[in-house]
Amino acid sequence: MPELPEVEFARRSLERWFEGRQLVRTEAEPGARTFRDCDLGIFKALKGSLVGIDRKGKYLMVRFSNKLGFVGHLGMTGKFLKRAPGEEVKWSRARFVLDDGEVIHFQDMRLFGRIDAVPAVELEGRPAVAKLGVDPLGDGLSVERLQEALSGSNQELKVALMDQERIAGLGNIHAAEALFRAKLHPERSVASLSPPEWKALVKGIQATIAFALDVEGDGEEIAYVEEGAPNPFLVYGRAGTPCRKCKTLVKSFTQAGRTTHFCPTCQPKQRRVDGDQMRKRPRARRYRG
DNA sequence: ACCGCTGTTCTCCG
DNA sequence: TCGGAGAACAGCGG
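Structure, rendered in C-alpha cells:
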C-alpha cells in the first residue's frame, strides 16, 4: 500500500538491510515492465556499499559507492523483501545480492512499479523526481508551504492533495484520512479554506502520516497491511460502517476516477460555523481564499 | 465464470 | 493548459 509512509518504511528497511554489507550483484527479471525506462547495463553494474537513500514523495533515490544508483517507485503493489539465499519469491522483479548471500527482492505483482538505474549524480534530476512538489515529511509542512503548494489549484481539495507536483506522497488513502482529520469535505475548493481550516489540514496530513509510520511493525512491511488485520483507518475503506467519531455511516463516491471515503457529518460540504468557533470569534466574518 | 474493484502514473483526447 | 477517461497489469471477492 505504497503511499508516503510505506515508501518511507521501505527506505528505512533498505538502509538497515544494506548496512555493513556489500552489494555484489543485481538481477533483473527478463522482460519485466519494472525496467521499462531503465538502462539495464547500468542496473547490472550496481555494486558496492550503500551510500544513502533519499525519498521524495513516493520515489526512492538509492545510491551506491560505485557512483551508480537507481530511482525506485513501488507502484501499487511493489515492496522490498529480504530473503535467505535461494529462497523463491513470487513476482520478484529485481534482486540485490549481498555479500552474505542474502537477497533483497523487489516484489511487484501488478508491475506498476519501476526501477530506473542511472549515474548517481543524475538521480535528483530525473524528470519524475524533479517535478515533485513539497514532501510533507522531508521538507516539513506549514500552513504557508501548503498554501503555496496548493495555490492556483482549481481542483477539488482531495484531488489537489493527490497531485504529486503540488504535494508529493499522499495517495487515495492518506488524502482521505487527512481530510477526515481536518473535518474537511473532499469536494471543498482550495480557495474556500479559512485560516483555521488550513491549519487543521496541515495537522491532518501530518497526523495521518505519523499514524501510519507509528503502526509499522518490525516485519518487512507496515503492520496494517498484514493479511487479516482490521482496517486501521478512520474513513478509508469503511463505507457503510459507523464513523469512529460520530457513528454516522461513512459514505463513498467517485472523485476523479478514484473512490473517496468521508463522513457526511464530520466533513460537511458547507463550512461549519459551530458553537465553539462562534464563541472564539464573535464577529463571524467570512474568510476568503 | 464473469464483473467490477483495487494503493500508481502516464498518455491521449476534447 | 487543463481535466477526465483509459491504459498499463494481476489478483480477488461477490
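Numbering (the working numbering), first residue to last: 37 to 325. Using N, Cα and C, we set each Cβ at its ideal position, and we do this for glycine too.
Would you grab the beta carbon distance between residue i and residue j for me? Rounded to a whole angstrom, and I think it's under 8 Å.
i: residue 82; j: residue 100; result: 5 Å
i: residue 204; j: residue 93; result: 3 Å
i: residue 131; j: residue 184; result: Residue 131 to residue 184, Cβ: 41 Å. No contact.
i: residue 196; j: residue 226; result: 5 Å
i: residue 212; j: residue 116; result: Not confirmed; about 26 Å, so no contact.
i: residue 306; j: residue 194; result: The pair is not a contact, with the Cβ atoms about 17 Å apart (cut-off 8 Å).
i: residue 98; j: residue 165; result: Going by Cβ atoms, the distance from residue 98 to residue 165 rounds to 12 Å, so no, they are not a contact pair.
Enumerate in chain order the residues of its own chain whose CB-to-CB distance from residue i is below 7 Å, with the five nearest sequence positions on each side excluded.
i: residue 260; result: Low confidence applies to residue 260: its pLDDT is 49, below 50, so where it sits in the model is not reliable enough to give any reading.
i: residue 171; result: 92, 93, 204 and 205
i: residue 302; result: 216, 219, 279, 281 and 282
i: residue 273; result: 267 and 297
Name the DSSP beta bridge partners of residue i, please?
i: residue 64; result: 130
i: residue 295; result: 290
i: residue 278; result: 285
i: residue 179; result: According to DSSP, residue 179 bridges with nothing at all.
i: residue 155; result: 104
i: residue 89; result: 98
i: residue 221; result: Looking at the DSSP assignment, residue 221 forms no beta bridge with any residue, so it has no partner.
i: residue 141; result: 117 and 131
i: residue 170; result: 203
i: residue 109; result: 95 and 150
Take the Cβ of residue i as the centre, count every other Cβ of all protein chains shown within 10 Å, and call the residue buried at 16 or more, exposed below.
i: residue 163; result: exposed
i: residue 285; result: exposed
i: residue 76; result: exposed
i: residue 232; result: exposed
i: residue 169; result: buried
i: residue 120; result: exposed
i: residue 293; result: exposed
i: residue 124; result: exposed
i: residue 61; result: exposed
i: residue 136; result: exposed
Going along the chain, which residues of its own chain have a beta-carbon closer than 8 Å to the beta-carbon of residue i, five neighbours each way excluded?
i: residue 155; result: 78, 103, 104 and 105
i: residue 236; result: 217, 218, 219 and 220
i: residue 111; result: 38, 144, 146, 147, 148, 149 and 150
Can you tell me the Cα-Cα spacing of residue i and residue j, whole angstroms?
i: residue 88; j: residue 51; result: 7 Å
i: residue 146; j: residue 113; result: 6 Å
i: residue 201; j: residue 209; result: 18 Å
i: residue 134; j: residue 90; result: 20 Å
i: residue 295; j: residue 288; result: 6 Å
i: residue 38; j: residue 228; result: 30 Å
i: residue 167; j: residue 279; result: 37 Å
i: residue 281; j: residue 176; result: 28 Å
i: residue 275; j: residue 160; result: 39 Å
i: residue 138; j: residue 174; result: 30 Å
i: residue 96; j: residue 189; result: 27 Å
i: residue 266; j: residue 248; result: 14 Å
i: residue 54; j: residue 67; result: 26 Å
i: residue 128; j: residue 234; result: 42 Å
i: residue 180; j: residue 199; result: 18 Å
i: residue 65; j: residue 270; result: 38 Å
i: residue 86; j: residue 59; result: 8 Å
i: residue 191; j: residue 223; result: 9 Å
Under 6 Å Cβ to Cβ from residue i, same chain only, skipping five residues before and after it: list those, please.
i: residue 126; result: none
i: residue 214; result: 240, 241 and 244
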